[in-house]
Structures are given as C-alpha cells and as structure tokens.
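One structure below.
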Amino acid sequence: MSRFLSKNYESLVPYTPGEQVNVKVIKLNTNESPFPPSPKVKAVLSEEVIDKLNLYSDPELKELRNAIAEQFGVTSDMVFCGNGSDDVLAFAIMGFCGRGGKLCCPEISYGFYPVYADIFGVELEQIPLKDDFSIDVNDYIGKNKNIVIANPNAPTGLALSFEDVEKIVSSNPDNIVIMDEAYMAFCGESCMELVKKYGNLLVTRTFSKSHSLAGLRVGFGIGSKEIIDDLNKLKYSFNPYNLNTLSIKAAAAAIADNEYYDDKIAKIVETREKTTVQLKELGFNCTDSKSNFIFASSDKIPASVLAAKLREKGILIRYFNEPKIDNYLRITVGSAEDMQTLVDSIKEIIAEV
Ligand code: PMP
C-alpha cells in the first residue's frame, strides 16, 4: 500500500477472481463456457469495424440495447448494459444503496456483493441459508431493505421458483430487488417477465456464461424505465463509454443467435446431469444445481485435499476456504470429455487415499 491510498479504502477486502492460466490445463474454476462464441460474433468483428476504432463507442449502446430488448420482449429504454454484469451490479448497488443505504443478500452467495457494499458505504445484512443451502423465502418477505439475490445462487447452484421471487418482489414495493440471473440460462425459472409488472425489480444477466463471451465483458440489467434512467445517470457521471465498439457489435450478434446458444446450453445441462450422477455414484453429495457448475462434497476426502490433488493432475476447480462451505467444491461444467477426465481423476485420487 502506498502512503496515498485514501483512509476510506484501507480496510477494503477486494473480490478474489478465479485463477486464469496460460499453461494447458482443464479449467473448471471460473464457470466459463467450454464452447467458443457463435460464429456470427467473429463475422461482425470486421476490418471495417476495426478501422472505425478511432471514434468513441456509442454511449447509448443503441445497437446492443435494441438487440437485447427484442430478445426479452421489452423496450430498449428498459435495458442497461455494463462491462460485464459486475459493472451493472456495481452501478445498481452504488445507485440504489450507496452512501448509507441498506442492502441484504444471502450469507453464502456471490462474493462481490459484500465488496460492493463496502466500497459504496452500504450497510449489508447477510442472511444465513437453510442447512441444505437453500434460501428461506420468508427471510426476504417484507424485508424493508434493498435485496440482491443470485438466482440460481452461486456457489450452491440452487434456484428459487418464479412464485417465490414474485413474493419477494411484491412484498418489498419500496425497495429495489436485484435478481442476479447470471446462471439463469441453465434451466432455472426466470423472473424476467415481472419487470413489466413491478417497478422495483432489476434483473441482471451476463454474456459470460451461457454466451461463451467471458473475455468480452458484457452484461445487462432489465428493469423499469425509471430504474434504467437512474443507472444511466450514474453511468454518465462515472464512465459514459463503459462498453467498447467491439463488445457492442459482438454481443448484439451473439444475443440474436438463439439456435447456436440453445444447442450449447442444452449440451452443458446434459453434461451437468451426467457428471452429477457419476459423482453421486462415487459417494459425493451434490446440490440440485440449475447452473453451469456442480457444488459437491465427499466424506471420503476433504475438499481442499481433492482440489490440490486435481491441480497436480492439471485440473483446476474452485475451492472456497470459507465457513460452512469449506468441504465443498464448485466444479464448472466443461466439455463432456473434460468432465469424464475429471471423474476418472477423482476415482484415481479416492482409490489412493
Ligand atoms: N453474478 C454472479 C452470481 C457471478 O457468479 C458472476 C461471475 N463471476 C457475475 C455476476 C459477474 O459476471 P460478469 O461480470 O462476467 O458478467
């Protein structure tokens, strides 16, 4: 730390991203897609587009917001785009809870929520999950605080039903409810249609998981025009060009290619189910994940030891050294071949202990 860092940020504990590596490994640690992006993405990144990079990107992001709006049956003034959904979450938590507001979220959830709360001066309540890692909806009914929930939750993979989400949103009319649907494409029940019914709901999504574009950094939020206007007010006060021209073009092409992505998502879900069965046969306890990762634990071998041994074999998975989940592993669903290699490697490791 230098002598110059503001005292306000001295105690900040930053978010720890999953490791990115250059050597060849089986990478199942950051919930990326095993598939390349749609060929239509490559097709729009033409020389003509590159030649125009001397110009600023469109701060209104019209092309991308229109494409997203069309996909979800909303108007483009209900769409806000960010540099990854992290950017959208940051603007939302800053805008609706910052400088002394109140926010609550599940105790075991996406690690960035407490970090944003801290940096924006938000009073955060982290609400414990039930023993089976599910969210108790009653904890959020009439909460009278802003709420952020990942649905499906991470790293547990468990999803709330549409009815339960509606109960939460409808019972907190004077607070913002942010439903973080980063993993929703992998078979949860989206609450997206509720954005037209409730003016206090913001649903966030990302291109990083289902759309194989983690490296592009694009996410979005859909909510009432008033909510989106507020987010834009913050964006224009902080970073008006928060998406670059290449990202705008590529993401607009991706979101329109349902045929390509439906097929890839179906493959990931199929592989998730198959691998879960295989892990259960090996004695693992796995949650009923509705996401592109598996959350698993075994009585035969501590999670930390298994993660280290898999690493020696060139397979990266995510281990969280945190209370209540320190015997669990979060395993991204990779290609069918890579998941078979994972299962075979786990078998070998368990046989050795
Ligand atoms: N929400 C959740 C629950 C996540 O796990 C992630 C990925 N780390 C994000 C949001 C942010 O994803 P991105 O910024 O890549 O859109």
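Per the working numbering, the very first residue in the sequence shown carries number 50; after that it's consecutive. From the three backbone atoms N, C-alpha and C, an ideal C-beta is built for every residue, glycine too. None of the values given here were measured: they were computed from a predicted structure.
{"Query": "Quiz: which residues have CB nearer than 6 Å to the ligand PMP non-hydrogen atoms", "Result": "G133, S134, D135, Y159, A199, A203, D229, A231, T255, S257, A263 and G268"}
{"Query": "Neighbourhood of N115 by C-beta distance below 7 Å, restricted to the same chain and skipping five residues each side", "Result": "S125"}
{"Query": "Residue nearest to G332 in terms of C-alpha spacing, selected from V93, V90, S347 and N291", "Result": "S347"}
{"Query": "Distance CB(I343)-CB(L328) smaller than 8 Å", "Result": "yes"}
{"Query": "Status (buried if at least 16 other CB within 10 Å, exposed otherwise) for K339", "Result": "buried"}
{"Query": "Environment of S82 [buried if 16+ CB atoms lie within 10 Å]", "Result": "buried"}
{"Query": "Alpha-carbon spacing of F92 relative to S261, whole angstroms", "Result": "In the sequence as displayed, the identity of residue 92 is Ala instead of Phe. If you take the alpha carbons of A92 and S261, they lie about 15 Å apart."}
{"Query": "From N195, I380, D180 and E308, residue whose alpha carbon lies closest to that of N174", "Result": "This sequence places Glu at residue 174; Asn is not what is there. Comparing Cα positions, the closest option is N195."}
{"Query": "Distance between beta carbons of S210 and E238, contact taken as under 8 Å", "Result": "6 Å"}
{"Query": "Proximal residues to T390 (C-beta, below 8 Å), its chain only, five neighbours per side dropped", "Result": "I75 and I364"}
{"Query": "For A301: DSSP bridge partner residues", "Result": "Looking at the DSSP assignment, A301 forms no beta bridge with any residue, so it has no partner."}
{"Query": "N115: first and last residue of the uninterrupted alpha helix (DSSP H) it sits in", "Result": "K111 to F121"}
{"Query": "Where the beta strand (DSSP E) through P88 begins and ends", "Result": "Not the beta strand (DSSP E): P88 falls in the alpha helix (DSSP H), residues P88 to V93."}
{"Query": "Cα-Cα separation, E119 to L207", "Result": "29 Å"}
{"Query": "Closest residue to C130 among N376, L110 and A234 (Cα-Cα distance)", "Result": "L110"}
{"Query": "Entirely enclosed beta strand (DSSP E) segments - the stretch 121-209, minimum 3 residues", "Result": "128-131, 151-155, 172-176 and 195-199"}
{"Query": "Of the listed residues P289, N370 and E242, nearest to M127 (C-alpha basis)", "Result": "E242"}
{"Query": "Contacts around E172, its chain only, beta-carbon distance under 6 Å, and the 5 residues preceding and following it disregarded", "Result": "K151"}
{"Query": "Validate contact between the stretch 386-401 and the stretch 97-105 using beta carbons, cut 8 Å, 3 pairs", "Result": "no"}
{"Query": "Sheet register partners of I271 (DSSP bridge)", "Result": "V128 and V252"}
{"Query": "N334 to D188 span [Cα, whole Å]", "Result": "26 Å"}
{"Query": "Neighbour-count burial assignment, E59, 16 or more Cβ in a 10 Å radius", "Result": "exposed"}
{"Query": "Option nearest I399 by Cα separation, candidates Y377, I176 and L355", "Result": "L355"}
{"Query": "Cβ-based burial, E230 [other Cβ within 10 Å; buried from 16]", "Result": "buried"}
{"Query": "Exposure of R52, with buried meaning 16 or more beta-carbon neighbours within 10 Å", "Result": "exposed"}
{"Query": "Neighbourhood of G170 by C-beta distance below 8 Å, restricted to the same chain and skipping five residues each side", "Result": "G147, R148 and G149"}
{"Query": "Enclosing beta strand (DSSP E) for I227 [first to last residue]", "Result": "V226 to D229"}
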